[in-house]
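Trainee:
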Amino acid sequence: MDNVTLADNPSRHRFELQVDGEVAAFSEYNALKGALLFTHTEVQPAHEGKGLASRLIKFALDEVRRQGLHAIPACPFVAGYIRKHPEELDLVTEESRRAFLK
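Be aware that the sequence shown starts at 6, since it is given in our numbering, and climbs by one per residue.
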């Protein structure tokens, strides 16, 4: 896929994946003290099935780690991504991790 950019858009409270300058996927969050609460992830219909959401969440979790924050995966897609990538589980807050692993 050509010309893909990934960025945090704090004014819109979301991480974005753009293809050729247009938002193809985004993951919304609420910034809490020491954590990002991921609430919703969406891929535009024209870009579904291309692995863009996984690429976006990998980027978002890398940013969470880089900033020394935790993640609260209220969004089912983010929770599913972390279940498939247990190396990211340390980013989940302890409170969320207990419920997450049940």
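Ideal placement from N, C-alpha and C gives every residue a C-beta, glycine not left out.
On a Cα-Cα basis, can you pick out the residue from Ala84, Leu11, Gly26 and Tyr34 that is closest to Arg17?
Mentor: Counting from one through the sequence shown, the residue named residue 17 turns up at place 12. With distances taken between Cα atoms, Arg17 lies closest to Tyr34.
Trainee: If you draw a straight line from the alpha carbon of Gly73 to that of His90, how long is it in whole angstroms?
Mentor: In the sequence shown, counting from the first residue as 1, residue 73 sits at position 68. In the sequence shown, counting from the first residue as 1, residue 90 sits at position 85. Going from the Cα of Gly73 to the Cα of His90 covers about 19 Å.
Trainee: Are the beta-carbon atoms belonging to Glu93 and Leu66 less than 8 Å from one another?
Mentor: Within the sequence shown, the letter at position 88 stands for residue 93. Within the sequence shown, the letter at position 61 stands for residue 66. In this structure, Leu66 lies closer than 8 Å to Glu93 by Cβ.
Trainee: Buried or exposed for Thr46, please, with buried defined as at least 16 other CB atoms from any protein chain shown within 10 angstroms of its CB.
Mentor: As a position in the sequence shown, residue 46 is number 41, starting the count at 1. Thr46 comes out buried.
Trainee: If you count every other CB in all the chains shown that lies within 10 Å of the CB of Arg19, and 16 or more means buried, which is it?
Mentor: Along the sequence shown, one-based indexing puts residue 19 at 14. Counting Cβ neighbours within 10 Å, Arg19 comes out buried, since at least 16 surround it.
Trainee: Below 8 Å on the Cβ atoms is my guess for His75 versus Thr98; work out the distance and round it to an integer in Å.
Mentor: Translated into the one-based positions of the sequence shown, residue 75 becomes position 70. Translated into the one-based positions of the sequence shown, residue 98 becomes position 93. Indeed they touch by this definition, with Cβ atoms about 4 Å apart.
Trainee: Is it the case that the Cβ atoms of Ala30 and Leu57 are separated by a distance below 8 Å?
Mentor: Along the sequence shown, one-based indexing puts residue 30 at 25. Along the sequence shown, one-based indexing puts residue 57 at 52. Going by C-beta atoms, Ala30 is nearer than 8 Å to Leu57.
Trainee: Determine the DSSP secondary structure at Ala79, reduced to helix, strand or coil.
Mentor: Within the sequence shown, the letter at position 74 stands for residue 79. Here Ala79 sits in coil by DSSP.
Trainee: Which residue comes first and which comes last in the alpha helix (DSSP H) that contains Ser59?
Mentor: In the sequence shown, counting from the first residue as 1, residue 59 sits at position 54. Start and end: Leu57 to Arg71.
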